[in-house]
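Here is the structure we will look at, set down as structure tokens.
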DNA sequence: CGAGTGACTGTTATCGCTAACACTATGCGC
DNA sequence: GCGCATAGTGTTAGCGATAACAGTCACTCG
């Protein structure tokens, strides 16, 4: 398209050097700002770069330096708000620091798929890897992965052999549960997420231990799969336990907003009023939550911050640091009508 | 960690060759399956590969072959259902074909940011680029981008100098509008998306022209920004136009489900019943839509299919093909209670 | 029995870049 | 005026892989 050198391939350092009348090393120095170059030489080189539309070849550079300028992210292929937002947070931070991001997404989490994903990223010669896989299995999967390249996990496996950043799910659940108890309920029911998600377990544990600490009875857990449909199913079951008198179910904490939406739907269909008859709370604060019927009380997580810290930790490890601390980000309780006055 | 060769660096072809007692070329042939190798030699080589944990160096390979095995995707940094799902669709297709994906996300769409993103991907030596940027500006931005590497767009700019794949927004809007008219409404109001989104314009055009074709009056457009909040604001305005008698507003088509949710919320607060007093429809069929109050009539888009076709088109162009056809994927109308019997 | 044909393996050059070192000026201190 | 640092530039040697060609050997064919 543009006036290339011989043939029609991309211009190389040597081509630029030829046009500028210097050696290729001088061009390299201008491009990278290493070593001193006389201003007028620099100008000539830059003009040649411009004219040829020179673009450094990352493969060649990576080959000789051993650094690719690329970070790998293992992500779960889903539209779930949490994981997707975390990914954005990390992209953000990486981009600001000038790193490229390559993604290896995993359709179903599991030991081998995660190991495969990490493996394929290593082939790409990434300098660091972030695993977004909030599953209990993820941690174990990582255990088997040899890592000459630093790996950190987000929201992931307890006992993972790598540092983990996450929002404090336990604390978020504690806050919601205490909020509900403070409204005068004897106890709070819980629609949990899938058992193989660490976040689900942490939220459940936060809920359970808070009830215990307050001497409240712990009702049986209803387990969903994060989907609105599963929340709806849970709601149909729970609706039967809502008596007109007192002593029945009157407060539910769903492990995410989507399931809370399903609950709301089921309660509405059953003629149960929220917040009139039952108080409902969720977790995540998806953008829609404020516009549910009724607007949903929930827990907000700062994914941008999570992304930032994750990236920070990764670069630190790439620099050689090596602590296995668990880094927690504080969540925030957002109170709305669904737990409002009756 | 494992028993490397000298030092502690990754094993190279030469290291493997040394251990197996062959030349590096033979190892290369075994790895890539090019050229004949005696079975026992192959076995010796594979054993050495295993022992050293050999991993081919993609940078070196890319340098010599000129092929990186990587595709670039320019994505909009947002959690909007459409773009995010499209990204998944593409990842999917690329992964199945053994391509790696590197993402360059753009926080605010615009001529220069998109050009920058494409530029940074080209530096990564990607073999092809997919631009997910459903903005009118995106198409223009691409116009200025020299492309030695093939580029295709998804849901993007009319008049872009590259092939475009997208769901047929116009047709989706037509279907919703006709559905509402068929319910007996004199006309249908529209809460549109932002003017700089091509999808918003197409949906609006589909709605407008369908009304005109049926001889219905075209009410003024209310414009939102895809967010539930903007849908809510629109709903507050529209609520005033809903009379108890007839002759007023009684059907609204929102350009996406999130805004439709905001509408529902506003109507509920104003004591307007859906579907009793007003019929509401959305666009996207987000997973939550079936659980809104009431469940939402909407238009479903097959993003996996979009991803597949996009990838297919890109590889075709990488292979040398070169048609600028517009590829449309058919959407599907999903009817639910929000436009149900009164 | 010599030439030809594959199968199998090795040698060498090369991709585009940076690291390391070598070289030439120039300016400065003594 | 000599040594020495420093600015500015060039030369050479790889990084780890593939491409292209060149052998070697066994076997077939006329």
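Residue numbers (this note's numbering), protein chains in the order written: chain A, 1 to 342; chain B, 1001 to 1342. Where a beta carbon is used, it is the ideal one built from N, C-alpha and C, also for glycine.
Close beta carbons around residue i, own chain, < 7 Å, minus the five adjacent residues each side
i                       : result
residue 267 of chain A  : 235, 239, 274, 278
residue 1087 of chain B : 1073, 1075, 1132
residue 80 of chain A   : 226
residue 1318 of chain B : 1127, 1128, 1150
residue 313 of chain A  : 152, 163, 165, 327
residue 178 of chain A  : 210
residue 1216 of chain B : 1181, 1186, 1187
is_contact[residue i, chain A] using C-beta, thresh 8 Å
i                       : result
residue 1024 of chain B : no
residue 1123 of chain B : yes
residue 1093 of chain B : no
residue 1032 of chain B : no
residue 1077 of chain B : yes
residue 1056 of chain B : yes
residue 1341 of chain B : no
residue 1099 of chain B : no
residue 1113 of chain B : no
residue 1334 of chain B : no
residue 1288 of chain B : yes
residue 1301 of chain B : no
residue 1132 of chain B : no
residue 1165 of chain B : no
residue 1265 of chain B : yes
residue 1084 of chain B : yes
residue 1059 of chain B : yes
Proximity test, Cβ basis, 8 Å: residue i and chain B
i                      : result
residue 262 of chain A : yes
residue 228 of chain A : yes
residue 63 of chain A  : yes
residue 203 of chain A : no
residue 388 of chain A : Because chain A in this structure spans residues 1 to 342, residue 388 of chain A falls outside the shown range and cannot be described.
residue 68 of chain A  : yes
residue 12 of chain A  : no
residue 169 of chain A : no
residue 236 of chain A : no
residue 103 of chain A : yes
Element boundaries [beta strand (DSSP E), containing residue i]
i                       : result
residue 76 of chain A   : 70-76
residue 1280 of chain B : 1279-1281
residue 1149 of chain B : Run containing residue 1149 of chain B: none; DSSP gives neither H nor E here.
residue 128 of chain A  : 128-132
residue 1254 of chain B : 1251-1254
residue 100 of chain A  : 100-106
residue 1298 of chain B : 1298-1300
Range of the contiguous alpha helix (DSSP H) that encloses residue i
i                       : result
residue 96 of chain A   : 81-96
residue 333 of chain A  : Element bounds for residue 333 of chain A: not the alpha helix (DSSP H) but the beta strand (DSSP E), 332-334.
residue 307 of chain A  : 303-318
residue 1031 of chain B : 1024-1032
residue 1267 of chain B : 1257-1269
residue 1048 of chain B : 1039-1052
residue 230 of chain A  : 228-239
residue 285 of chain A  : Note, residue 285 of chain A: premise wrong, no alpha helix (DSSP H); not H, not E.
residue 17 of chain A   : 13-20
residue 1061 of chain B : 1058-1065
Nonlocal neighbours in the same chain, by C-beta distance under 8 Å from residue i, ignoring five residues either side
i                       : result
residue 309 of chain A  : 165, 327, 329
residue 23 of chain A   : 17
residue 1294 of chain B : 1264, 1274, 1275, 1336, 1337, 1338, 1340
residue 1102 of chain B : 1070, 1071, 1072, 1073, 1121, 1124, 1126
Cβ-based burial, residue i [other Cβ within 10 Å; buried from 16]
i                       : result
residue 220 of chain A  : exposed
residue 1032 of chain B : exposed
residue 259 of chain A  : buried
residue 1091 of chain B : buried
residue 1288 of chain B : buried
residue 1184 of chain B : exposed
residue 107 of chain A  : exposed
residue 1214 of chain B : exposed
residue 34 of chain A   : exposed
residue 1009 of chain B : exposed
residue 231 of chain A  : buried
residue 1025 of chain B : exposed
Same chain, Cβ closer than 6 Å to residue i, five either side skipped, listed in chain order
i                       : result
residue 1241 of chain B : 1248, 1249
residue 1228 of chain B : 1258, 1261, 1262
Can you list the alpha helix (DSSP H) stretches of 4 or more residues lying completely in the region 138-222 of chain A, in chain order? Here the runs fully enclosed are 169-182, 198-213.
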